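Protein chains in written order, with UniProt numbering: chain A, 1 to 444; chain B, 1 to 444.
Cβ coordinates follow ideal geometry from the N, Cα and C atoms, glycine included.
In this text, all values refer to a predicted model and were calculated from it rather than measured experimentally.
To keep things clear, I will list the structure first and then write my remarks on it.
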Ligand SMILES: Cc1cc2nc3c(=O)[nH]c(=O)nc-3n(C[C@H](O)[C@H](O)[C@H](O)COP(=O)(O)O)c2cc1C
Ligand SMILES: Cc1cc2nc3c(=O)[nH]c(=O)nc-3n(C[C@H](O)[C@H](O)[C@H](O)COP(=O)(O)O)c2cc1C
């Protein structure tokens with residue numbers, strides 16, 4: 001049992017399109033096929049997560065329709081601000097975080113909308129500041145993607161202008177003195193007047209401080225350039241390491257980078273993407289995943305698995321394991337960090353259907369198993385220093401969010417790995433993030 | 001009594017900063033001085049308006065802090081999308097309309113956010129498409145204001161791209177066929193691929209139709225160029241005529257312009273700005289206005305009145321009427337449509353304090369009086385063809401919205417001038433606006 005003030009796991013719940021992290025989620029029994037547009041459904045998931053004391057909801061976002069809707073639901077929310085505002089109105093504690101592109105949006109728009117969300121939620125908003133890497137998203141804004149260097153140069157400018165706008169009111173500028181006839185102290189509200197190579201803004205923003213001062217910055221992906229953004233500005237970082245070693249390397253690099261810019265490395269938390277499928281037994285969890293796999297595009301999945309391990313696999317072999325000859329001929333794709341694990345699972349003798357049900361081709365590590373299996377995995381990663389918490393991609397929200405909250409959360413709590421109540425009322429409280437107003441003085 | 005299917009008055013309730021249309025509203029008894037950031041308060045006003053069957057809430061907006069906050073509250077909401085989404089979650093019928101600048105925003109952002117609001121509100125969203133005319137707002141986006149011609153050229157492009165994005169899903173594209181394994185019919189979801197001189201977008205939007213198909217377009221102000229935008233795209237037009245003649249001229253011009261582009265003129269509704277102050281008697285209404293005037297900047301107001309009627313007035317004369325000599329010397333400012341009315345009121349012998357309490361320097365026509373006085377004014381304007389409805393700027397929301405709903409609305413209903421229930425569930429239903437999906441085929 002860890003000591004009472006040892007660090008504990010932080011949890012983010014990804015709630016993307018309203019159905020679940022698996023492409024077939026929209027077709028599952030219990031799922032409302034209209035959940036994508038039904039704020040009532042989305043709000044219920046947020047409430048369930050809050051019941052489980054999960055620190056925050058995370059909506060990844062790219063402003064593009066980049067999926068074939070014949071079989072699958074869109075990847076992202078109709079609009080993150082609309083969805084998170086809906087959640088803010090019906091929850092009280094849980095943090096509300098979404099991506100907004102530093103490549104496609106003006107800093108004034110980002111600053112205003114996330115600060116307004118921060119106000120509406122009484123200090124629970126966070127912004128995941130990422131450049132956009134999908135050309136079709138840029139085309140929706142009438143531009144072609146800038147070079148990687150320009151994108152990251154702009155990302156730095158956008159975050160700095162946004163934070164400066166957030167800081168354009170001092171913490172006590174909004175006096176509201178009815179007797180004294182003074183609405184605000186204008187000497188404590190200042191313009192920004194920043195001009196960079198890519199963006200500029202005069203300011204001030206017309207929004208006073210929230211209960212947490214200003215929203216929390218998150219960052220995701222992007223190699224060294226992304227690490228630099230994260231190290232300078234972020235409180236939370238989303239990553240998708242596939243192994244403990246990868247997670248540890250990323251987290252160590254992040255902490256070192258934060259230290260280089262003068263921050264306490266404990267101020268930056270790495271959230272590892274993780275896809276749990278919880279059921280009464282491992283077999284039941286695999287069966288749940290099989291139904292999901294079969295609900296959309298199983299044939300494609302077999303071929304994809306084949307290319308990952310260097311074998312020409314076809315659906316005809318779905319109910320058989322790999323033969324000894326196949327195992328001998330297999331060559332895990334060197335560029336794919338998931339490939340060795342896929343081959344390991346295949347070597348255990350599972351049928352191809354079950355190999356896939358292990359989630360070996362998914363874009364997050366997958367654990368199909370009991371609540372204890374899932375908690376064990378999280379404990380192992382956390383205690384090995386592979387992450388500070390997890391960004392949960394629940395397979396099917398309709399029942400999966402409840403199951404996680406009712407079965408996995410109590411286990412983590414019993415093990416002293418997860419808090420039993422929110423530490424405060426704001427997202428900064430939940431993350432132990434220091435108060436900040438405007439740009440971080442250590443960075444200027 | 002008008003015949004049952006005669007046109008009736010349409011009502012929009014302006015809910016700007018949460019306090020009221022008068023600068024001193026934030027200091028009034030009963031007003032929560034934190035209403036600007038308190039969604040609960042704003043939501044209550046929207047619910048009251050809905051109780052009164054008011055057709056829509058309107059949030060004017062310019063993304064700039066253009067007021068001295070020492071004495072006054074900001075003019076606009078923290079963020080219109082956040083505020084309207086909050087209202088959407090706690091109301092069921094009332095329309096939700098806000099301004100978003102065609103000069104400063106990308107069409108993809110506008111299309112996505114208003115359509116997401118339309119989805120969240122089950123078909124109640126509207127967008128007031130106006131170019132920005134305040135240089136400081138442009139500076140918040142790092143640009144200088146384009147020429148008037150470029151601004152309006154861009155406005156046309158932005159509205160067309162937004163409507164095309166809204167129409168990128170056909171009405172029945174979202175099949176959600178669980179058994180048939182078909183989420184959507186991709187043959188009915190098409191890219192936009194529009195490129196103008198100012199903006200461009202590839203599309204499609206990732207959002208299916210709402211209950212009203214797509215949001216309703218509004219327009220405001222802007223002379224001939226604005227009229228052209230309104231005539232082509234708008235269902236509702238906000239205007240601030242100061243007299244019946246002005247209103248009639250604007251409405252006639254608008255209807256003629258709509259006809260020229262092939263639309264039925266009845267499809268375009270003019271909302272005249274109107275600022276009622278309702279009390280038990282005219283004297284009581286004037287006293288209410290006096291308290292409001294005195295709560296902020298009465299001295300300035302006296303001097304402003306003086307410049308309007310060509311006299312050097314000072315606060316020393318506040319409790320006296322204009323002398324005969326002053327009345328003889330007065331010269332109403334020729335460029336100000338409010339000036340003749342101001343002089344008329346002064347000639348009735350009111351003290352300067354009471355002249356101001358008549359609202360003669362306000363930016364809307366003001367009626368301080370009983371509910372019947374207010375209803376009479378509205379009836380007169382409406383029956384004279386000066387407008388199709390009113391955009392209500394209520395002096396102090398804390399009690400003024402309830403008073404309007406409880407006292408004026410029933411009078412209008414008794415006179416057969418205002419509906420007694422919503423005609424349907426969507427904003428298009430409330431406005432009698434024809435169904436539309438994508439750009440209006442008559443305009444292409
Ligand atoms: C866990 C995780 C979450 C991400 N979330 C988003 C997102 O919400 N929106 C987005 O456009 N990109 C997202 N990305 C992509 C990265 O921001 C980045 O674009 C990608 O890693 C490519 O980086 P590059 O453009 O620097 O090459 C995410 C990446 C990771 C690893
Ligand atoms: C009733 C009314 C409402 C308006 N609402 C807005 C608004 O919400 N935001 C805004 O920036 N301008 C608003 N305007 C200003 C006009 O859109 C326009 O900018 C102004 O009339 C000047 O026009 P011009 O730029 O064509 O000269 C409004 C004007 C009127 C008459």
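For residue i, three-class secondary structure by DSSP
| i | result |
| --- | --- |
| residue 119 of chain A | helix |
| residue 449 of chain B | Chain B is shown from 1 up to 444; residue 449 of chain B falls before or after that span and cannot be answered. |
| residue 94 of chain A | coil |
| residue 182 of chain B | strand |
| residue 264 of chain B | coil |
| residue 177 of chain B | strand |
| residue 147 of chain B | coil |
| residue 24 of chain A | helix |
| residue 314 of chain A | coil |
| residue 436 of chain A | coil |
| residue 6 of chain A | coil |
| residue 332 of chain A | coil |
| residue 355 of chain A | helix |
| residue 309 of chain B | helix |
| residue 360 of chain B | coil |
| residue 114 of chain A | helix |
| residue 419 of chain B | coil |
| residue 350 of chain A | coil |
| residue 338 of chain B | coil |
Chain A contact residues for residue i, given Cβ-Cβ distances below 7 Å
| i | result |
| --- | --- |
| residue 34 of chain B | 176 |
| residue 117 of chain B | 82 |
| residue 183 of chain B | 26, 69, 70, 71, 72, 73 |
| residue 86 of chain B | 85, 89, 120 |
| residue 186 of chain B | 68, 69, 70 |
Neighbourhood of residue i by C-beta distance below 8 Å, restricted to the same chain and skipping five residues each side
| i | result |
| --- | --- |
| residue 175 of chain B | 182, 183, 184, 185 |
| residue 473 of chain A | Because residue 473 of chain A is not part of the residues shown, which for chain A are 1 to 444, the question remains open. |
| residue 269 of chain A | 10, 235, 236, 237, 388, 389, 431 |
| residue 168 of chain A | 189, 190, 191, 192, 203, 204, 205, 438 |
| residue 405 of chain A | 48, 49, 51, 52, 54 |
Cutoff 6 Å; reference residue i; Cβ partners in own chain excluding five residues on either side
| i | result |
| --- | --- |
| residue 107 of chain B | 158, 161, 162, 199, 201 |
| residue 35 of chain A | 18, 19, 41 |
| residue 397 of chain A | 20, 45 |
| residue 342 of chain B | 308, 309, 360 |
| residue 12 of chain B | 56, 58, 271, 391 |
| residue 135 of chain A | 145 |
7 Å CB neighbourhood of residue i in its chain, flanking five on each side removed
| i | result |
| --- | --- |
| residue 140 of chain B | 63, 64 |
| residue 121 of chain A | 88, 96 |
Residues that residue i bridges to, as DSSP identifies them
| i | result |
| --- | --- |
| residue 275 of chain A | A:366 |
| residue 101 of chain B | B:130 |
| residue 14 of chain A | A:58 |
| residue 269 of chain B | B:236 |
| residue 169 of chain B | B:189 |
| residue 125 of chain A | A:96 |
Per-residue contacts from residue i into chain A (C-beta, under 8 Å)
| i | result |
| --- | --- |
| residue 112 of chain B | 63, 78, 79 |
| residue 103 of chain B | Those within 8 Å of residue 103 of chain B in chain A number zero; the least Cβ separation is about 12 Å. |
| residue 199 of chain B | 142 |
| residue 106 of chain B | 104, 141, 142 |
| residue 195 of chain B | 142 |
| residue 189 of chain B | 65, 69 |
Closer than 9 Å at the beta carbon, the chain A residues around residue i
| i | result |
| --- | --- |
| residue 127 of chain B | What residue 127 of chain B touches in chain A: nothing, since even the nearest Cβ is about 14 Å away. |
Partners in chain B for residue i, counting only beta-carbon separations shorter than 8 Å
| i | result |
| --- | --- |
| residue 136 of chain A | 202 |
Amino acids of chain C, ordered along the chain, whose beta-carbon sits closer than 7 Å to that of residue i
| i | result |
| --- | --- |
| residue 208 of chain B | Protein chains A and B are contained in the structure displayed, whereas chain C is not. |
(request) Pick out the complete alpha helix (DSSP H) segments inside the region 384-410 of chain B, 4 residues or longer, and give them in chain order. (result) Segments of the alpha helix (DSSP H) lying fully in the region 384-410 of chain B: 397-403.
(request) Note down, one range per segment and in chain order, each beta strand (DSSP E) of at least 3 residues found wholly within the region 194-262 of chain A. (result) Complete beta strand (DSSP E) runs here, min 3: 216-220, 236-239.
(request) Any chance you could list the beta strand (DSSP E) runs of at least 3 consecutive residues sitting entirely within the region 32-83 of chain A, in chain order? (result) The region 32-83 of chain A contains these whole beta strand (DSSP E) runs: 56-59.
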